[in-house]
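In my numbering, the protein residues as written are 805 to 1002.
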């Protein structure tokens, strides 16, 4: 799915894991890989329609026991087994969490292990180290796919024309195609030069 412009990556989860997925979807989209976030509970109440044949659904659940995530993946598995999805457009199921042998892991086509020894607090088991590791792994995947697509400064400037980061991106990209970047940003050449100087 990640290699095709017609497919996307769908991150799903609940709680802190959903928020991690939301951030990863934003990062991937900004560096050239279409991605969205889907709350597992909302998916079971109508939002399942956002998943299309050929998409890759990545479930984030450190325990691998999250009820809503398991139910969603069971539904997706059932769709595949009932041939509601054509083999050529199969929905791929990937999980990220502590153990491939968890209930979620057993429903996945592939598993990304993200195991930590413990969370930051020994008394309150709030997601800290585990959620940070998921975020780091997801960011690494985003950069890997960015490089694989040969997504460069000009591409990034197209996706991110606003803010200070947009100015910096246009500055880097202008060495390659200044007219294209100024046009995409809604600036003429003189305005772009003034922005870069400031």
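C-beta: ideal position from N, C-alpha, C; glycine also.
For this session: Below 8 Å CB to CB, which residues in the same chain sit around residue 869 once its five sequence neighbours on both sides are set aside?
Result: 906, 907 and 908
For this session: Indicate the three-state DSSP secondary structure (helix, strand or coil) for residue 819 in the structure shown.
Result: helix
Exercise. Could you give the C-beta distance for residue 840 and residue 898, rounded to a whole number, given that I count them as a contact under 8 Å?
Worked result: Between residue 840 and residue 898, the beta carbon gap of about 15 Å keeps them out of contact (Cβ cut-off 8 Å).
Exercise. Residue range of the alpha helix (DSSP H) that residue 883 falls in?
Worked result: 871-885
Problem set entry | Inter-residue spacing [alpha-carbon to alpha-carbon] between residue 923 and residue 938 | 13 Å
Exercise. Rounded to a whole number of angstroms, what is the C-alpha to C-alpha distance between residue 853 and residue 842?
Worked result: Rounded to whole angstroms, residue 853 to residue 842 spans 10 Å at the Cα level.
Problem set entry | Proximity to residue 825 [Cα-Cα], best of 952, 967, 968 and 900 | Measuring from the Cα of residue 825, the nearest candidate turns out to be 900.
Exercise. For the beta strand (DSSP E) that contains residue 917, what are its first and last residues?
Worked result: 914-917
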